[in-house]
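Undergrad: Residue numbers (UniProt numbering): 1 to 254.
Just so you know, even glycine gets a beta-carbon here, dropped at the ideal spot from N, CA and C.
Got a structure for you, written out below as structure tokens; questions coming shortly.
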Ligand SMILES: Nc1ncnc2c1ncn2[C@@H]1O[C@H](COP(=O)(O)OP(=O)(O)OP(=O)(O)O)[C@@H](O)[C@H]1O
Ligand SMILES: [Mg+2]
């Protein structure tokens, strides 16, 4: 089982849009895929038309046993794609993790039991660098970081690299990619070029600014469903392919 986080310290950069399209393409390739919506906002659950569970204080039990996770998993409208929807109690994840000794391996541990059920697990993460984020860093084989090519994004990305350095984590799993990229803007082009030079692990494929990404909310669906021939759709498919290759995820039918 391979785990991919869609993560950034920054909000509104395309984590959810990426998690939804990555999950779709992973399942489309034939991998048994689970999308875990870790963000109390529940945006990726919404995109896949999956209702949030009504369970009280669900976050309190989330890290206890994988059987409880299995119990909350819902099928999506797509073959091979299941969703573990968000819950409003997920906003307490950091407090709850702190109360249990601030351990950073709880997510990794509880997911172990899912390995017989899934080939790929994708996390849609909330925007913060917190105890939950540290659990995500410990659990993820690859941390995909959508990044708008601007100065502030560059600064925030530097903070993430520094954090990994301070904690003694290996930075190799951090794979950023450009999103909301506008090739007509000199600043975007220059920042992208500088960053690619400074950080060789950037994924090649960028996601352009696209109205079809914005329309995912309207259609409550991955882009392929309503804009198959769009550039944004091709870019997401290619970006997922790059991630799958980086993880040595072979095509199940090949
Ligand atoms: N490539 C893109 N082109 C145009 N709009 C985009 C693109 N990527 C994301 N958006 C839009 O930007 C907004 C934020 O995107 P999204 O929800 O995926 O970001 P996020 O990082 O998950 O945000 P949050 O931190 O709130 O969870 C949404 O309205 C989305 O439609
Ligand atoms: Mg989001």
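Does ligand 2 have a heavy atom nearer than 7 Å to the CB of residue 43?
TA: Along the chain shown, one-based indexing puts residue 43 at 43. Result yes, Cβ under 7 Å from ligand 2.
Undergrad: Any heavy atom of ligand 1 within a distance shorter than 7 Å of the CB on residue 190?
TA: Reading the chain shown from its first residue, position 190 is the one you call residue 190. No, the Cβ of residue 190 stays beyond 7 Å of every heavy atom of ligand 1.
Undergrad: Tell me the DSSP bridge mates of residue 257?
TA: Since the first residue of the chain shown is 1 and the last is 254, residue 257 is not available in this structure.
Undergrad: Which residue comes first and which comes last in the beta strand (DSSP E) that contains residue 82?
TA: Position 82 of the chain shown holds residue 82. Residue 82 -> beta strand (DSSP E) spans 81-84.
Undergrad: Check whether the segment 222-241 touches the segment 18-36, taking contact to mean three or more Cβ pairs, one atom from each stretch, closer than 8 Å.
TA: Yes: at least three Cβ pairs fall under 8 Å.
Undergrad: Rounded C-beta distance between residue 142 and residue 247? I'm assuming under 8 Å.
TA: Looking up residue 142 in the chain shown gives position 142. Looking up residue 247 in the chain shown gives position 247. That pair is a contact at about 6 Å.
Undergrad: DSSP has residue 143 in a bridge; who is on the other side?
TA: The sequence position of residue 143 within the chain shown is 143, counting from 1. Answer is 5, 174, bridged to residue 143.
Undergrad: Could you check the C-alpha separation between residue 133 and residue 228 for me, to the nearest Å?
TA: Taking the chain shown and counting its residues from 1, the one referred to as residue 133 is at position 133. Taking the chain shown and counting its residues from 1, the one referred to as residue 228 is at position 228. Rounded to the nearest angstrom, the two C-alpha atoms are 33 Å apart.
Undergrad: Mark residue 105 as exposed unless 16 or more other C-beta atoms lie within 10 angstroms of its C-beta, in which case mark it buried.
TA: Numbered from its first residue, the chain shown carries residue 105 at position 105. Its Cβ having fewer than 16 others within 10 Å, residue 105 is exposed.
Undergrad: Applying the criterion that 16 or more other CB atoms from any shown protein chain within 10 Å of the CB defines a buried residue, is residue 11 buried or exposed?
TA: One-based indexing of the chain shown puts residue 11 at position 11. By the neighbour-count rule (16 or more Cβ atoms within 10 Å), residue 11 is not buried but exposed.
Undergrad: Going by DSSP, which residues form a beta bridge with residue 181?
TA: On the chain shown, residue 181 is found 181 positions in, with the first residue counted as 1. Bridge partners of residue 181: 208.
Undergrad: In the DSSP assignment, find the unbroken alpha helix (DSSP H) run with residue 165 in it and report its ends.
TA: Stepping through the chain shown from its first residue, residue 165 is reached at position 165. 151-167 is the extent of the alpha helix (DSSP H) around residue 165.
Undergrad: Kindly indicate which residue of 32, 240, 99 has the alpha-carbon position closest to the one of residue 61.
TA: For the purposes of this step, residue 61 is taken as residue 61 along the chain shown, with counting starting at 1. Comparing Cα positions, the closest option is 99.
Undergrad: Using a Cβ-Cβ cutoff of less than 6 Å, which residues in the same chain neighbour residue 244 once the five nearest sequence positions on both sides are dropped?
TA: Counting from 1 along the chain shown, the entry for residue 244 is found at position 244. If we look at residue 244 and ignore the five residues flanking it on each side, it has no Cβ neighbours.
Undergrad: What residue range is occupied by the uninterrupted beta strand (DSSP E) comprising residue 255?
TA: Beyond the ends of the chain as shown, which are 1 and 254, falls residue 255; an answer cannot be given.
Undergrad: Please confirm whether residue 66 and residue 110 have their CB atoms less than 8 Å apart.
TA: Against the chain shown, residue 66 aligns to sequence position 66. Against the chain shown, residue 110 aligns to sequence position 110. A contact, by the Cβ cut-off of 8 Å.
Undergrad: Hey, would you say the C-beta of residue 133 is under 7 Å away from at least one heavy atom of ligand 1?
TA: As a position in the chain shown, residue 133 is number 133, starting the count at 1. No, the Cβ of residue 133 stays beyond 7 Å of every heavy atom of ligand 1.
Undergrad: Give me the residue from 136, 58, 148, 209 with the minimum Cα distance to residue 89.
TA: Working through the chain shown from its first residue, we reach residue 89 at position 89. Out of 136, 58, 148, 209, 58 has the C-alpha closest to the C-alpha of residue 89.
Undergrad: Just list the residues that DSSP pairs residue 74 with in beta bridges.
TA: As a working mapping, residue 74 is identified with position 74 in the chain shown. Partner(s): 83.
Undergrad: Does any heavy atom of ligand 2 sit closer than 7 Å to the C-beta of residue 197?
TA: Taking the first residue of the chain shown as position 1, residue 197 is located at position 197. No, since every heavy atom of ligand 2 falls outside the 7 Å radius drawn around the Cβ of residue 197.
Undergrad: Helix, strand or coil for residue 113? Go by DSSP, reduced to three states.
TA: Walking along the chain shown from the start, residue 113 turns up at place 113. Helix, per DSSP.
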